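Note sheet for the following structure.
Residue numbers (the numbering used here): 317 to 549.
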């Protein structure tokens, strides 16, 4: 520790703090860090000459969790003093990496036998969005993922879903099954009456064409809901 103090003597206090935090991460791993400390490590890269602890704590206080900070809309992040495009880019890079990691756990394996990974992927991709988004996972006859596509993007509380377009795209991809996913920006994953009616319409159309609708999942900050689990499919 004497060497570390000597190396940072005469320098701003945050220089020593940054090295100590990096050392803590290297020696003890991410589980030993508070969320604000992990966020600080990311902010270090974009803000080289400033104490980033207050900003990290302010971001967490505003958005609620580490996941919500990295998924927050650009314009809301940039409302904070000191948050420029470089900070937003670093946060979005972490979010993209998390989504890619979750996606790779779903690819090339039967989706129904790795259901927790599917839920993790859907939540990482969509749960913290500030507008509704409707996504479909298209599956082959072995229930492996063919592709995952965003079909519609809506407003803060509504996304138009067109049954004909859902079925048409499934036929184009030679998909034999689908999983529908959308998010609720309100944070409550409870399905609305409109959600239930739309799901039934899609289910009926798929059944006529021998396409299986495995589930419709709603993801939100406060968890997720499975239509199949609720007995709605």
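C-beta atoms are modelled at their ideal positions from N, C-alpha and C, and glycine is treated no differently.
Remember, it's a predicted structure, so these values are computed and weren't measured experimentally.
Element boundaries [beta strand (DSSP E), containing residue i]
i: residue 307; result: Residue 307 is absent from the structure shown; the chain starts at 317 and stops at 549.
i: residue 452; result: 449 to 455
i: residue 495; result: 493 to 499
i: residue 403; result: First-last for residue 403: 401 to 420, but that is the alpha helix (DSSP H), not the beta strand (DSSP E).
Inter-residue spacing [alpha-carbon to alpha-carbon] between residue i and residue j
i: residue 535; j: residue 358; result: 26 Å
i: residue 375; j: residue 420; result: 29 Å
i: residue 515; j: residue 418; result: 25 Å
i: residue 523; j: residue 422; result: 25 Å
i: residue 501; j: residue 537; result: 8 Å
i: residue 439; j: residue 387; result: 11 Å
i: residue 547; j: residue 530; result: 12 Å
i: residue 338; j: residue 346; result: 10 Å
i: residue 469; j: residue 430; result: 27 Å
i: residue 490; j: residue 454; result: 9 Å
i: residue 335; j: residue 479; result: 55 Å
i: residue 494; j: residue 452; result: 7 Å
i: residue 383; j: residue 350; result: 13 Å
Distance cut-off 8 Å: residue i Cβ against heavy atoms of the ligand GDP
i: residue 449; result: No copy of the ligand GDP occurs in the structure displayed, which carries no ligand at all.
Where residue i falls, given that 16 or more other Cβ within 10 Å makes a residue buried
i: residue 323; result: Legend: pLDDT at residue 323 = 44, less than 50; position of this residue unreliable, no value from coordinates given.
i: residue 344; result: exposed
i: residue 381; result: exposed
i: residue 391; result: exposed
i: residue 513; result: exposed
i: residue 448; result: buried
i: residue 499; result: buried
To test your reading of the DSSP string, which unbroken alpha helix (DSSP H) runs of 4 or more residues are found completely within the region 504 to 549? 509 to 524
Inspect the CB distances between the region 354 to 370 and the region 397 to 413 and report whether three or more fall short of 8 Å. yes
Does the count of Cβ pairs from the region 454 to 465 and the region 408 to 415 closer than 8 Å reach three? The region 454 to 465, when compared against the region 408 to 415, does not touch it at the 8 Å Cβ threshold.
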